[in-house]
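Residue numbers (UniProt numbering): 1 to 598.
What follows is the structure in structure tokens.
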């Protein structure tokens, strides 16, 4: 087959290539991926001078023939996960056209590099090579290199010559546990766009780090040995995303405010919650520089568990580009009135801020507000201006007696109030109108009964003539036995499921979204509504059955399903928009009946 250009033999059981393969003089692509029985290639492989791509990933190759250096047109060579391949022949340096070399996960012990070799190489992946302990100084001679990946390797140092990679754009050093320092020469990599250090044991960043003027993305999550950032850090003028979750940094340099293009800042630390009211580990308090308010391009801050205490500075309101602000599990007792000026803010999380006592007026574009486990919270400002608020979580806000403006939240779909006091619960129930309940997808609050017009399952679905199924509403009463439950440590109660069965066999199982874990053993009522776009609806066919059950086996012990009910909503059941006080019980819309129940 002299005209054959592509040959794919992936995942076959062949043990060797035939000697006649040298006749495929026009072959451009050869793939032997996952041919587990292939242990060697014939020497004549070097005659395939038209070959551009060679994929030998996940084979049992023990060596490569030296003739591989004759593949003058080879552009891509993949040797990933070749667990028996410990050495690559020196002739690989003769591959003048090679631009992609992937040896990820192989047993290679040394990188086959020399000065002046592989002049066209742009992408080099050697991550996951568990025996690779050394990076040769000749790496600096890869003059065309754009991406270098050394993740999950036991390398201990990087040569100073790595700074000679003057076109490098992406450098991966994730989970390099033996790598403790970066060379000062890294500051010479002025084209570097993305740097991945997550999970490494690097102890500090060099002072030259600020010279990376084109660095856009820096990921250093779980770099637990890093305790400070260099003063030059503020010189990273192009930095858009800084991800430093779970580092030991407790103070940001004053120059931090110079990061004029920073969009995303994730500096969260564990714990993301405290086990119970009034108890926690001794917190590490973090200092935020005055220059922080200069970060006018910031769109997202995640500073959960960062030990912010006392009060949040007033100049937080200067960050007018903020869309997401997550400050949960901190120690401040008040928020600045300037928050109302964050007119782009959509998501505001204050979960587990146990010292917070009041919430000031909030920006009108807010879509989600999470105040769960704010045990000291006493008052919330009028929310009536938040016309697009979609979700409000007040779980365990036991001191709150009222939420002014709640009845005006026309877009509210999720309201979580498990563990709140009964007086507050009664006040909220009275404000739940027909219009608000028609929008509501998830509602939870203290309660020990469900509407009597709900049916207890299992229920077999039977289509109604000329009336489409438009929705299903599930109501459950759940209690958590606080005596036997080990601190739940989850944001949701995950123990209740709805199942759709066909001939008694589960066809579809859905875990109810019971958000908010109450700090009480009192009964909690949850109502979940599913519309036509949800699989709970379009899965139904004539004769299928729906039931509500406890998860088996449970994720957590101590959850009791005390009561449940199911109600089908058909076309016309919830469509009437007028006043319903003149209608009898059977004529009422579903949403009006729910409002009457509350």
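C-beta: ideal position from N, C-alpha, C; glycine also.
query                                                                                                                                                            : result
Range covered by the alpha helix (DSSP H) that runs through residue 597                                                                                          : 590-597
Stretch-stretch touch, CB-based, cutoff 8 Å, three pairs: the stretch 549-559 with the stretch 394-414                                                           : no
Spatial distance of residue 513 from residue 347 (CA atoms)                                                                                                      : 19 Å
Environment of residue 210 [buried if 16+ CB atoms lie within 10 Å]                                                                                              : buried
Beta bridge counterpart(s) of residue 254 as assigned by DSSP                                                                                                    : In the DSSP output, where bridge partners are listed per residue, residue 254 has none listed.
Distance between residue 236 and residue 151 (C-alpha atoms, nearest Å)                                                                                          : 24 Å
Beta-carbon proximity check, residue 343 vs residue 320, cutoff 8 Å                                                                                              : yes
Outcome for residue 145 when other beta-carbon atoms lying within 10 angstroms are tallied against a minimum of 16                                               : buried
Those runs of the beta strand (DSSP E) which lie wholly inside the stretch 146-170 and span at least 3 residues                                                  : 147-149
Nearest residue (CA-CA) to residue 103, options 422, 118 and 55                                                                                                  : 55
Close beta carbons around residue 173, own chain, < 7 Å, minus the five adjacent residues each side                                                              : 150, 151, 179, 196, 197 and 200
Per-residue DSSP class, three states only, for residue 552                                                                                                       : coil
Inter-residue spacing [alpha-carbon to alpha-carbon] between residue 97 and residue 119                                                                          : 8 Å
Neighbourhood of residue 409 by C-beta distance below 6 Å, restricted to the same chain and skipping five residues each side                                     : 389
Nearest to residue 500 (by Cα), restricted to the options 548, 248 and 90                                                                                        : 548
Per-residue burial, residue 639 [other beta carbons within 10 Å of its own, 16 or more giving buried]                                                            : Any answer about residue 639 is impossible in this case: the structure gives the chain only from 1 up to 598.
Other residues of its chain near residue 575: CB distance less than 8 Å, five sequence neighbours each side excluded                                             : 589
N-terminal and C-terminal residue of the alpha helix (DSSP H) that residue 424 is part of                                                                        : 422-431
Distance between residue 287 and residue 184 (C-alpha atoms, nearest Å)                                                                                          : 27 Å
Length of the line joining the Cα atoms of residue 364 and residue 336                                                                                           : 16 Å
Separation of residue 75 from residue 261, as counted between CA atoms                                                                                           : 37 Å
Closest by C-alpha distance to residue 204, when choosing among 190, 216, 231 and 193                                                                            : 231
Exposure label - residue 225; buried when at least 16 CB within 10 Å                                                                                             : exposed
Cβ contact check for the stretch 311-330 and the stretch 290-299: 3 or more pairs under 8 Å                                                                      : yes
Residue 49 - DSSP class collapsed to helix/strand/coil                                                                                                           : coil
Rounded C-alpha distance that separates residue 77 from residue 153                                                                                              : 20 Å
Cβ neighbour criterion (16 or more within 10 Å) applied to residue 568                                                                                           : buried
Residue 244 classed as buried or exposed, judged by whether at least 16 other C-beta atoms fall within 10 angstroms                                              : buried
Own chain partners of residue 458 with C-beta closer than 6 Å, once the 5 adjacent residues on each side are dropped                                             : 545 and 547
Rounded straight-line distance, which links the Cα of residue 110 to that of residue 134                                                                         : 7 Å
Residue 14 versus residue 58: straight-line alpha-carbon distance, rounded                                                                                       : 14 Å
Three CB pairs or more closer than 8 Å across the stretch 513-533 and the stretch 458-477                                                                        : yes
Counterpart residues of residue 347 in DSSP-defined beta bridges                                                                                                 : 324 and 368
Same chain, Cβ closer than 6 Å to residue 531, neighbours up to 5 away in sequence not counted                                                                   : 471
Outcome for residue 294 when other beta-carbon atoms lying within 10 angstroms are tallied against a minimum of 16                                               : buried
Completely contained beta strand (DSSP E) runs for the UniProt domain "Disease resistance R13L4/SHOC-2-like LRR" (171-301), where each covers 3 or more residues : 194-196, 217-219, 241-243 and 264-266
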